[in-house]
Amino acid sequence: MGQINTPGLVLRRADYSDYDRMVTLFTPELGRVDAIARGCRRPKSPLMNAVEPFTYGEFQLYQRRERFSVEQCQISESYYELRTDYDRLRHGVYWLRLLDASVMPDTPQPELFVMTLRALAHLNWGEQPPELTTFAFELHFLALNGLAPRMDVCAKCGRPIDGDCRFDAHLGGAVCLDCPSPAPRISNGARRILMKAPRTAFDKFTLLEDRPEWPEAAAQCRAYVNAKMYMEKVAPELYREDD
Ligand SMILES: [Zn+2]
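With my numbering, the residue at position 124 of the sequence shown is 154, and numbering never jumps.
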């Protein structure tokens, strides 16, 4: 109960009654917070710009029993470039949906919060293709949620893998070619990228651009995220065949 000051990133908003809006915030220590921003749709409301997706700032919230309201927000970054570039935007929207589907109330995730801000900075100002930044975000997101795929040993027989294999999303990683499996094959190059990527810094992902295996690794990773998070319902535009 009472006043709470916290950094927050707006994941989602929905209009509520005539002038209000419900916002979903991702905060480092409180996890997910759903809060009402009263009057934010009135002309000249100081909260007007604070309740847009991708806004990152210092939020002053008020908690009364289980309900939160947004009292004030000092915007730190609104990622303007990202919001005005359709290609970057659709990638960013996918990330917010992944976070919206995974961040829980009363569950601190400070590392995921910091990683998300770092990734958004790369998506907003970076030169590398958004596909590559999304690939980096997906693998770090999986790792910080304890879901990074295991690519160095067979998920069935436990033997070390050092070559082409299969990638079984359901079993959480690689399956050797000696074990029976209906999972899709993955090349050794793509397997090695998936093995190292969760521990690779964002600014190093640009080195993958010259590796012919990275689109295969990214496609396998997307299928894995899809299986883990059921995202095909949440971000269908990223699953079209012509992408
Ligand atoms: Zn095996």
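Yeah, the Cβ is synthetic: ideal placement off N, Cα and C, and Gly gets one too.
Beta carbon of residue i nearer than 9 Å to that of residue j
| i | j | result |
| --- | --- | --- |
| R196 | L207 | yes |
| L237 | P138 | no |
| E82 | S108 | yes |
| W125 | F89 | no |
| A173 | A185 | no |
Burial state of residue i, where buried means 16 or more other Cβ atoms lie within 10 Å
| i | result |
| --- | --- |
| I105 | exposed |
| R229 | exposed |
| D233 | exposed |
| G156 | buried |
| D117 | exposed |
| T164 | buried |
| N79 | exposed |
| V144 | exposed |
| T54 | buried |
| K258 | buried |
| Q250 | buried |
Residue i (DSSP reduced to helix, strand or coil)
| i | result |
| --- | --- |
| Y49 | coil |
| G156 | coil |
| D64 | strand |
| E101 | strand |
| S106 | strand |
| P245 | helix |
| C209 | coil |
Anticipated Cβ contact below 8 Å, residue i with residue j, distance rounded
| i | j | result |
| --- | --- | --- |
| R51 | R43 | 5 Å |
| T36 | L91 | 7 Å |
Any heavy atom of ligand 1 nearer than 5 Å to the CB - residues listed: C184, K186, C187, C206, C209
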